[in-house]
Amino acid sequence: MNSRDRYPYPSASPQSNVISQGIQTIADSGMGILLIGVLILWIGIACFGTKRKGKLSTGRFAGWRERRSAITTANRQTKQRQLAKVALKAGNLVIPNAQQSIVVAGAPDSGKTFSIIDPAVRSAIAQGFPIILYDFKGAQLATHVAWAASQGYQVDIFAPGQPYTGICNPLDFITSETDVLMAAQLAYVLQRNTQRDSGYRENDFFSSAGTNLVEAVMLLTKLTPYPDLLMSSKLLNLTDLPERVRAAGQTDWLPEWTLDTFSQLLASQGAEKQIAGIVATAQRTFKSFTGKDLVSSFC
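Take the sequence shown: its letters are residues 5 to 303, numbered as in the numbering used here.
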């Protein structure tokens, strides 16, 4: 047996030949050069790129330096009494720059409201700041309202469906029957919040025309003795609405600016199905506010 038989050279299999041919083909093509370039660029960025971690902020437990700085800042802001620089106090905890935001985190029923939120509200009342308090459960109503009233606050409660609720008439934000800008904004907000689950697309004709009709009807309602959402809903239910609006426009009772908001509805006069679709879309906007349990909160 010779040395070639004792130590045979490895022979290339057909599979390794196919792989080598594929690598050679990719290397000879433009795509192979591109892949190699991308690989080199990625390695270079990983090794010599910026050391910036992309952190937006850092956080840590407050020590005595942070607490001393917070007390100093809070005392200064309390003396200055500026709405843009507010300091609150919750027990022994001072909260400077409270106008930015405060996050109170904790498990359910762990005492977040009792230990932080309620004392902060009392601190705001003691300093006389205007307060909008969202109380989902209603417990804070009994905690703060009486004392706030005794401190000279005018307390308004809006709790739709509850017997102690006040009234918030959205049409009060419209100053007059020609306040087209505010009516358009209010109609858009009402439509987006009451028809989120509808099958109409945002660019659908009936959705756009329905919003315009809501705007027009609210302006028309400002001319009536009862300018509220219930009256707007009743006006939409009138038969031959385009003819009635056109007849009113021929008198001095309906201003030209208000009549102009009905232009899309008047342009559809004669197309009964089209008018019915526009009116039905507008009616859905008022339906949520004119139910038995909620109508007393908005009208």
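Glycine included, each C-beta is placed from N, C-alpha and C at the ideal position.
If you run the structure through DSSP and keep just helix, strand and coil, what is residue i?
| i | result |
| --- | --- |
| A94 | strand |
| K296 | coil |
| Q103 | coil |
| K89 | strand |
| D176 | helix |
| Y192 | helix |
| R72 | helix |
| G63 | coil |
| I40 | helix |
| A163 | coil |
| Q287 | helix |
| E219 | helix |
Where DSSP assigns a beta bridge to residue i, which residues make up the other side?
| i | result |
| --- | --- |
| I49 | Paired residue(s): none; I49 is not in a bridge. |
Under 9 Å, do residue i and residue j count as touching if we go by C-beta distance?
| i | j | result |
| --- | --- | --- |
| A74 | I99 | yes |
| C303 | L233 | yes |
| Y214 | V108 | Note on identity: in this sequence residue 214 is Gly, with Tyr being the wrong assignment. No. |
| S236 | V218 | yes |
| I135 | I129 | yes |
| N173 | A191 | no |
| S211 | Q189 | no |
| M222 | A187 | yes |
| T147 | T262 | no |
| Q144 | T82 | no |
| T198 | K291 | yes |
| S61 | T169 | no |
Classify residue i: buried if its beta carbon has 16 or more other beta carbons within 10 angstroms, exposed otherwise.
| i | result |
| --- | --- |
| K93 | buried |
| P231 | buried |
| P14 | With a pLDDT of only 48 at P14, under the threshold of 50, the placement of this residue in the model should not be trusted; the figure read from the coordinates follows. Its Cβ having fewer than 16 others within 10 Å, P14 is exposed. |
| T76 | exposed |
| S127 | buried |
| N207 | Here the model assigns N207 a pLDDT of 45, short of 50, so the residue's position is not dependable, and the following value carries that caveat. So N207 ends up on the exposed side. |
| L38 | exposed |
| L185 | exposed |
Check: Going along the chain, which unbroken runs of the alpha helix (DSSP H) with 4 or more residues stay wholly within the region 99-156?
Finding: When DSSP assignments are scanned along the region 99-156, the uninterrupted stretches of alpha helix (DSSP H) that are 4 or more residues long and fall wholly within it turn out to be 122-131, 143-154.
Checklist line | 4-residue-minimum alpha helix (DSSP H) runs that sit fully inside the region 231-285, ordered along the chain | finding: DSSP runs (the alpha helix (DSSP H)) wholly in the region 231-285: 233-240, 245-253, 260-264, 267-271.
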